[in-house]
Every structure is written in structure tokens, then in C-alpha cells.
Amino acid sequence: MEEVNGPELNDEELFEHYKFVAGKGQEPLRVDKFLMNFIENATRNKIQQAAKEGNIWVNNSIVKSNYKVKAGDEVRVMFEHPPYEFLLTPEDIPLNIVYEDDVLLVVNKSPGMVVHPGHGNYSGTLINALLHHIESLPLNSDERPGLVHRIDKDTSGLLVVAKTEAAMTHLAKQFHDKTSEREYIAIVWGNVENESGTIEGHIGRNPKNRLQMDVFPEGDQGKEAVTHYRVLERLGYVTVISCKLETGRTHQIRVHLKYIGHTLFNDERYGGEKILKGTTFTKYKQFVDNAFKILPRQALHAKTLGFVHPVSDEFMRFDSEVPEDMATCITKWRQYAKHSQEE
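Going by the UniProt record's numbering, the residue at position 28 of the sequence shown is 28; the numbering climbs one at a time, nothing skipped.
If you want it as C-alpha cells, here you go:
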């Protein structure tokens, strides 16, 4: 018997940290392995410890770590304390603020900084820094203070933050209505065939790896996503491109570019940390390894951000320099491409 007899779930005593419903095609799988596929940065030891302490529930009953999850099962991880992301602590962390007034600010986020607290990252985030800089921030629909949009931890660049409820509503509507302007610079594997193009394809969770997103071209799964791209520079085995977002889905640029066969350079989650294009020469492998060390993250920077100011109705556009790690990597590829042509 895999279930443990225990009390029915009492939401007044416990706080839900995670909730997952096993899909229709779910083969029987131990609950600790199942949760490993869903929870980022979780170790099997931690999950097994949580099970020992009675924190893992399936269909409202406590289960052991060897419980086999089946299609349709509702798996919840419950603790006696609220999720840490709701225990937000102001922290004196330097911010690169490029613009600020009474209702909003625009920040240039450095690579490696997590935007908001979550599993494994409960401090040192942009939200922690903002709460030190500003006494109070309005909550968005996900209860995230000030955030109108977000960018991934290892993506650098511009973000707008709302300081009032009215500004939050106004800015969120612009992002929803696709009237905001967002341009990213990316280095991708391969020589992009067309000078420009549009990538369309609904984006949703990858059913086999919940930490990845995937493209569903039929449109019956996921949410609509549209990315416009333009080639800026061809550097042999990689290409520097500009991407403009029409929608803002999780990992949109990363997933869309992989979908057309041009994974972001050094994007570990989507396979870009391997050599995807190029020669078999040892020297080339050494060159790419050095480039990975120079740019130890996915090659993506949110360069330009434009929106209508919620109070003045003025259209504001902000631009940022490509950060040093990415600029150096581009220079290295430029030199390599030039040297290869000369040989």
C-alpha cells in the first residue's frame, strides 16, 4: 500500500507551495521522480525528505515517496509556512536605474539576477532590491510587486516597473494589447537563411520536461506567440539577430529560435551549450569553449523598450548597450569569421 493513512487536507493549517495535475498520457511514475520533472532546483533527497515529513499529498491524501503517480492525479506539496516568495524582504542591492518618476521606473537588469523570488532564489532578486528602493509596490495579477513583465535570470536588459496601481493597469494593458515595443539582441547558432522573418507557433509547457517550453504549431495547445527577427551580422557558424516581440510568452525568443533551428548560443536549457554548428577541428572546439567562458549564459539582451507613459501619454523609448560579456563574445566570433575567410 503506497498511500499513508493520514488526515484529510486542511488548507487552514498548511500552505500550498506546488500543485501539479498529471496529464492524460502519464505512465505510472514514483512521485519523487515526478516532482523532479516539475520543480526547478529540487533534489531527490529534498523531495524524499518532504515526503517523510508528510508534505506531499496526492488527491488530498499524504503519500510516501514511492507512490506511483497516474494520469489525472493531483499532486500537491504542502508546508506549514507560506511560500518564501511571499515573504519578501527589502535588500540593499545596487540597481541600474535608467529612468524614474512618481509612477514608474525603468531598470537595466544585469545578467544573473533573478527577477522575483522563487524556489531556490529567495534573496538577491530584483524585487528584493526594488522593495529597498521603494517603500511599497502594487501587486500584479500573480501577486508580484511592481512587475509589468519579466525577463529570465540570465537575460540582461530593460524592464519597466510600476510604482502605482494605475500605472500597473495602464502598462499591463499595453503589453496585453501588443502596443509596447520590445527589441532583443541575440547570438544564435547557424547561418540564418533569411534576412528577416516572423516566427509563429503557440508556446506551452513541454509535456516531457516541465522546465522547458515548447512550440505547438497546430495551435490547440499553449498560447499564441509571435516573434519578428532581423539579421544584424553573419559570423560564419553563428548569427547576430534582432528580435521584436509581438507577444510575451515564457522563454518565447529562446523557444521560437530553437524551433526554426537556430538555438541561442550557450542556452543550456535548450541545448545551446553544445557545439551545434562548425568544424570538427580541435582548435575550433577550444575557440567555442573559450567563447562559452566569456559568455557563461544564453546570448540574449533586452536592448530596447518603448511604451506610452501612463500619466503624460507621451511615448517613451529606452535603449541600452549590449553588455560586456555579450559584446566581447560577438567580437571574438567576428575575428574568427574574418580569420576563416582569409585562410
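Ideal Cβ placement from N, Cα and C applies to all residues, glycine included.
DSSP beta-bridge partners of residue i
i, result
"residue 350", "Beyond the ends of the chain as shown, which are 1 and 343, falls residue 350; an answer cannot be given."
"Val240", "Ile187 and Glu233"
"Pro145", "Leu139"
"Met316", "Phe307"
"Tyr99", "Val106"
"Ala302", "Gly157 and Tyr184"
"Glu16", "Met78"
"Met213", "Arg205"
"Ile56", "Val77"
"Lys68", "Arg30"
"Leu264", "Val188"
Candidates the options, of which the one nearest residue i by Cα
i, options, result
"Pro217", "Leu211, Ile199, Glu233 and Leu232", "Ile199"
"Lys52", "Tyr18, Asn60, Lys223 and Lys64", "Lys64"
"Gly157", "Gly271, Ala167, Leu137 and Asp325", "Asp325"
"Pro323", "Ile185, Glu74 and His202", "Ile185"
"Leu95", "Asn59, Ile134 and Trp57", "Ile134"
"Leu295", "Leu276, Gly278, His256 and Ile187", "Ile187"
"Glu321", "Leu300, Phe315, Glu314 and Trp333", "Leu300"
"Ala302", "Lys33, Thr239 and Thr155", "Thr155"
"Glu165", "Tyr259, Val103, Met213 and Glu74", "Val103"
"Cys329", "His256, Thr239 and Gly261", "Thr239"
"Asn59", "Gln49, Ala22 and Lys293", "Ala22"
"Asp220", "Gly201, Val231, Gly272 and Val288", "Gly201"
"Val192", "Lys277, Glu273 and Leu159", "Lys277"
"Lys293", "Thr279, Val75, Ser242 and Asp267", "Asp267"
"Ala291", "Lys332, Tyr270, Gln174 and Thr279", "Lys332"
Same chain only: Cβ atoms within 8 Å of residue i, ignoring 5 sequence neighbours per side
i, result
"Thr89", "Ser123, Asn128 and Leu131"
"Glu314", "Val308"
"Arg30", "Ser65, Asn66, Tyr67, Lys68 and Val69"
Three-state class that DSSP yields for residue i in the structure shown
i, result
"Gly6", "With a pLDDT of only 34 at Gly6, under the threshold of 50, the placement of this residue in the model should not be trusted; the figure read from the coordinates follows. Here Gly6 sits in coil by DSSP."
"Val115", "coil"
"Phe79", "strand"
"Val288", "helix"
"Gly222", "coil"
"Ser61", "strand"
"Arg205", "strand"
"Asp325", "helix"
"His339", "helix"
"residue 344", "Shown here, the chain extends from 1 to 343; a query on residue 344 therefore has no answer."
"Arg30", "strand"
"Glu200", "strand"
"Ala42", "coil"
"Lys163", "coil"
"Val21", "strand"
"Leu245", "strand"
"Thr169", "helix"
Close Cβ partners of residue i (< 7 Å) along its chain, the five nearest in sequence each way excluded
i, result
"Leu139", "Pro145"
"Tyr99", "Leu105, Val106 and Phe318"
"Met36", "Ala42, Arg44 and Ile47"
"Gly6", "Confidence in Gly6 is poor, its pLDDT being 34 and thus under 50, which makes the residue's placement too unreliable to answer from."
"Glu3", "Bear in mind that the predicted position of Glu3 carries a pLDDT of just 35, short of 50, making it too unreliable to give a figure here."
"Ile298", "In the sequence under discussion, the amino acid at residue 298 is Gln, which differs from the Ile named in the question. Counting only Cβ-Cβ distances below 7 Å, and skipping sequence neighbours, we find Asp154, Thr155, Arg254, Leu264, Asn266, Asp267 and Gly272."
Contacting residues, own chain, Cβ-Cβ under 6 Å from residue i (five flanking each side not counted)
i, result
"Ala172", "Val148"
"Gly306", "Glu181 and Arg317"
"Ala225", "Ile203, Thr247, Arg249 and Gln252"
"Lys24", "Ala71"
"Arg150", "Val115"
"Lys178", "Glu246"
"His256", "Ile199 and Thr227"
Near the ligand SAM: residue i beta-carbon under 8 Å from a heavy atom
i, result
"Ser136", "The ligand SAM is not part of this structure, which contains no ligands at all."
Segment contact flag, the segment 304-320 with the segment 276-287, C-beta cutoff 8 Å, min 3 pairs = The segment 304-320 vs the segment 276-287: no contact.
Does the contact criterion of 3 or more C-beta pairs under 8 Å hold for the segment 330-343 versus the segment 225-242? Yes, the segment 330-343 touches the segment 225-242.
task = Report yes or no: do the segment 68-81 and the segment 101-120 share at least 3 C-beta pairs separated by less than 8 Å?
result = Per the Cβ contact rule, the segment 68-81 is not in contact with the segment 101-120 (fewer than 3 Cβ pairs under 8 Å).
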